[in-house]
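**Student:** Mapping to the UniProt record's numbering: the sequence shown position 69 is 69, numbers consecutive.
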Amino acid sequence: LLAEMGDIFGASLYALEHRYYGDSHPRPDSSVVNLQWLTSHQALGDLAAFVAHVKQQEAEEHPQDLAPEDVPVVVFGCSYPGSLAAYARAKYPASILGAVSSSSPVEASALFQAFDRVVQRVLPAACTAKVKAATAVVERRLFSGEEEAVKVAAKFGCGADVPMKTHDQRVALLYVIADAIAESVQYNRQPTRPWIEEVCACFSETASEREETHDNKGDKREKHDNEEDLVNALAKAVQLMLAKLKMTCKDSNLLQLTDTRLGPQASASARLWTWQSCAEYGYWQVAYKDSVRSHLIDLDWHMRMCNALFPLPSGSKFSTDVVAETNVWSGDKLVAGVGAATNIHFTNGENDPWAPLSVTEVSPVVVDRQGLSSFTIQDGSHCNDFYAYGRTEPVAVTEAKARIQNAIRGWLEDFRERREQQKRKVDPPLTKTFSATSVGGDSEL
1 LLAEMGDIFG ASLYALEHRY YGDSHPRPDS SVVNLQWLTS HQALGDLAAF
51 VAHVKQQEAE EHPQDLAPED VPVVVFGCSY PGSLAAYARA KYPASILGAV
101 SSSSPVEASA LFQAFDRVVQ RVLPAACTAK VKAATAVVER RLFSGEEEAV
151 KVAAKFGCGA DVPMKTHDQR VALLYVIADA IAESVQYNRQ PTRPWIEEVC
201 ACFSETASER EETHDNKGDK REKHDNEEDL VNALAKAVQL MLAKLKMTCK
251 DSNLLQLTDT RLGPQASASA RLWTWQSCAE YGYWQVAYKD SVRSHLIDLD
301 WHMRMCNALF PLPSGSKFST DVVAETNVWS GDKLVAGVGA ATNIHFTNGE
351 NDPWAPLSVT EVSPVVVDRQ GLSSFTIQDG SHCNDFYAYG RTEPVAVTEA
401 KARIQNAIRG WLEDFRERRE QQKRKVDPPL TKTFSATSVG GDSEL
């Protein structure tokens with residue numbers, strides 16, 4: 001998307017890596033004492049400094065007499081970087097002209113049950129029923145003793161990566177399972193990535209569907225065979241998704257994210273993102289009644305996980321208070337009330353589990369008053385508009401990109417008109433160059 005918009009508007013393009021992630025290491029490791037500088041506010045400060053540098057550089061390199069304030073900057077991002085893009089425009093409107101915010105969970109949430117409601121709505125009903133049934137069998141076996149729990153973990157390829165000694169360790173495996181199934185929905189990008197179909201195809205016929213038996217002995221054998229079929233199918237689906245995401249069971253096991261080494265490895269990013277969830281956003285995907293995920297994955301488990309992974313030096317504990325503190329300035333504060341933001345375009349996928357925490361509707365009054373807009377991609381998933389499709393691009397994605405283009409064009413026209421009014425008496429006409437900055441990359445939420 002960034003490259004396409006750059007070509008259309010003749011923009012200079014920049015990509016900025018988030019502090020601590022990838023190769024950007026302001027501290028030597030991700031121990032708790034060093035993580036105090038990993039916050040969205042610090043990242044926004046980094047972005048503001050970078051934008052100031054880019055504006056100065058563009059002005060100096062331009063052949064005409066161009067001042068830094070004459071260089072309009074539009075920031076782009078999807079997922080968490082999409083949230084940062086929106087926050088950046090809200091916090092630094094004098095230096096950032098506008099923001100393209102895709103699949104962005106701009107509202108923090110402690111009880112994020114809406115995530116699974118989307119997953120359950122999108123998965124085919126028959127597939128959902130089998131995932132639930134298989135999860136129930138796994139849950140029962142996990143708590144039938146340590147020996148049985150170890151056998152279950154081994155089926156999922158998680159034997160050495162997920163210890164099975166404690167209650168919370170066993171729930172961690174249930175989280176790995178739920179997360180893998182959910183990601184088949186989150187990243188189901190048609191037509192090139194039909195992951196829902198591939199996951200559901202793992203659940204072939206159970207023993208009772210293959211043959212019917214009526215004697216008591218046969219009924220017991222049939223029940224056992226059915227359960228084995230379900231567990232094996234669920235294990236196959238989970239391993240399929242982990243392979244597609246280039247992750248291991250350990251990378252997805254929150255309680256195992258204890259390695260403090262920084263770098264490009266998946267486990268390093270997972271630990272950093274978990275810290276940000278614990279310290280700022282929550283985003284705790286908690287089961288509701290009849291949820292596709294185990295009911296044991298509750299808010300208390302998430303709190304214990306945060307406090308086990310990141311023991312605070314002061315002896316204090318994480319709580320849901322962090323979510324309330326974050327939402328003082330984020331979430332719906334972006335679109336309404338005193339100090340509400342302007343010039344932000346939100347795009348979301350209809351089938352994205354993160355969409356409930358984004359801005360999916362903007363009233364006509366807000367569109368006119370604040371230059372905010374939104375578009376929902378029909379049958380879309382996470383960050384659909386940020387990918388290049390070529391000839392296979394869905395019509396809804398093409399429409400989403402057209403909406404983004406129109407939003408940027410409107411911001412630029414308003415910007416040039418204002419600058420020309422300010423400079424008409426003494427300065428030459430403003431050029432048509434602008435810069436576009438991409439905020440980070442998809443953190444795979």
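Backbone N, C-alpha and C define an ideal beta-carbon position, used for all residues, glycine too.
1) Quick one: give me the first and last residue of the alpha helix (DSSP H) that Asn34 is part of.
2) Apart from the five residues on each side of it in sequence, which residues of its chain come closer than 7 Å, Cβ to Cβ, to Leu97?
3) Quick one, are the C-beta atoms of Met247 and Val199 less than 9 Å apart?
4) On a Cα-Cα basis, can you pick out the residue from Gln265, Thr192, Gly282 that is closest to Arg391?
5) So for Thr213, helix, strand or coil by DSSP?
6) Count the other CB atoms, across all protein chains shown, that sit within 10 Å of the CB of Asp65; report buried if there are 16 or more and exposed otherwise.
7) With distances taken between CB atoms, is the gap from Phe346 to Val367 smaller than 9 Å?
8) In this structure, does DSSP put Asn226 in helix, strand or coil?
9) In angstroms with no decimal places, state the Cα-to-Cα distance between Gln239 and Lys155.
10) Tell me Phe346's beta-bridge partners as DSSP assigns them.
11) Would you say the region 100–115 touches the region 79–92, given that touching needs at least three Cβ pairs under 8 Å?
12) Return the chain-ordered list of same chain residues with a C-beta closer than 8 Å to the C-beta of Asp168, the five sequence neighbours on each side being excluded.
13) Report the rounded CA-to-CA distance for Ala67 versus His53, giving the unit in angstroms.
14) Taking 8 Å as the cut-off, is the C-beta of Ala85 nearer than that to any heavy atom in the ligand ZN?
15) Roughly how many whole angstroms lie between the Cα atoms of Pro26 and Arg19?
16) Which of the three DSSP states is assigned to Phe156 in this structure?
17) Should the region 313–328 be regarded as contacting the region 289–296, the criterion being three or more beta carbon pairs within less than 8 Å?
18) To the nearest angstrom, how far is the alpha carbon of Ala341 from that of Ser374?
19) According to DSSP, Gly82 sits in a beta bridge with which residue or residues?
20) Check whether the Cβ atoms of Ser95 and Glu58 lie closer than 9 Å to each other.
21) Determine whether the beta carbon atoms of Glu164 and Glu146 lie at a separation below 9 Å.
22) How would you write the range of the alpha helix (DSSP H) that Thr260 sits in, first residue to last?
23) By a C-beta neighbour count over all protein chains shown, 10 Å radius and 16 as the cutoff for buried, is Pro81 buried or exposed?
24) State buried or exposed for Thr258, treating a residue as buried only when at least 16 other CB atoms are found within 10 Å of its CB.
25) On the CB-based measure, 16 or more other CB atoms within 10 Å of its CB, does Trp284 come out buried or exposed?
26) If you draw a straight line from the C-alpha of Phe50 to the C-alpha of Leu16, how long is it?
27) Look up Gly282 in the DSSP assignment and give the residues it is bridged to.
28) Looking at C-alpha atoms only, which residue of Gln36, Asp23, Gly22, Leu299 is the closest neighbour of Ser314?
29) Comparing C-alpha positions only, which one of Asp179, Arg189, Glu197 sits nearest to Asn253?
30) Taking the beta carbon of Pro194 as the centre, do at least 16 other beta carbons fall within 10 Å, making it buried, or is it exposed?
31) Within 10 angstroms of its Cβ, does Val335 collect 16 or more other Cβ (buried), or is it exposed?
32) Give me, in chain order, the residues of the same chain whose beta-carbon lies closer than 7 Å to that of Ala133; leave out the 5 immediate sequence neighbours on both sides.
33) Secondary structure at Asn307, three-state DSSP: helix, strand or coil?
34) Can you check whether the CB of Asp385 is closer than 9 Å to the CB of Cys78?
35) Which residue's Cα is closest to the Cα of Pro353: Ala114, Asp251, Tyr175?
**Tutor:** This is what the structure gives:
1) Residues 32–35.
2) Within the same chain, and ignoring the five residues on either side of Leu97 in sequence, the residues whose Cβ sits closer than 7 Å to its Cβ are Pro72, Val73, Val74, Asn343, Trp411, Phe415.
3) At the C-beta level, Met247 and Val199 stay beyond 9 Å of one another.
4) In this structure, Thr192 is the residue among Gln265, Thr192, Gly282 with its C-alpha nearest to the C-alpha of Arg391.
5) Note on Thr213: pLDDT 48, under 50, position unreliable in the model; the coordinate value appears next. DSSP places Thr213 in coil when its eight states are reduced to three.
6) Asp65 is exposed by the Cβ-count criterion.
7) In this structure, Val367 does not lie closer than 9 Å to Phe346 by Cβ.
8) Reduced to three states, the DSSP call for Asn226 is helix.
9) Gln239 and Lys155: Cα-Cα distance of roughly 10 Å.
10) Paired residue(s): Ser101, Ser374.
11) Verdict: yes, contact present.
12) These residues qualify, in order along the chain: Leu255, Trp301, Arg304, Met305, Ala308.
13) Their backbone Cα atoms lie some 12 Å apart in a straight line.
14) The ligand ZN is absent from the structure shown, which contains no ligands of any kind.
15) Between the alpha carbons of Pro26 and Arg19 lies a gap of roughly 7 Å.
16) Per DSSP, reduced to three states, the secondary structure at Phe156 is coil, with no helix or strand assignment.
17) Verdict: no, contact absent.
18) The alpha-carbon atoms of Ala341 and Ser374 are separated by roughly 14 Å.
19) Answer by DSSP bridge pairing: none, since Gly82 is not bridged.
20) Pairing Ser95 with Glu58 gives a Cβ-Cβ distance that is not under 9 Å.
21) One point to set straight first is that residue 164 is Met, not Glu, in the sequence displayed. Cβ distance < 9 Å, so Met164 and Glu146 count as in contact.
22) Here Thr260 belongs to no alpha helix (DSSP H), and DSSP marks it neither H nor E.
23) Around the CB of Pro81, 16 or more other CB atoms lie within 10 Å, so the residue is classed as buried.
24) Label assigned to Thr258: exposed.
25) So Trp284 ends up on the buried side.
26) Between Phe50 and Leu16, the alpha-carbon positions lie close to 8 Å from each other.
27) The secondary-structure analysis by DSSP pairs Gly282 across a beta bridge with Ser109.
28) Closest option to Ser314, Cα to Cα, is Gln36.
29) In terms of Cα proximity to Asn253, the closest of Asp179, Arg189, Glu197 is Asp179.
30) Exposed, since its Cβ has fewer than 16 Cβ neighbours within 10 Å.
31) Classification of Val335: buried, given that the 10 Å Cβ count is 16 or more.
32) Listed in chain order, the non-local C-beta contacts of Ala133 below 7 Å within the same chain comprise Leu230, local neighbours out to five positions each way being set aside.
33) Reduced to three states, the DSSP call for Asn307 is helix.
34) Result yes, Cβ atoms of Cys78 and Asp385 sit closer than 9 Å.
35) Distance from the Cα of Pro353 is smallest, within the candidate group Ala114, Asp251, Tyr175, for Ala114.
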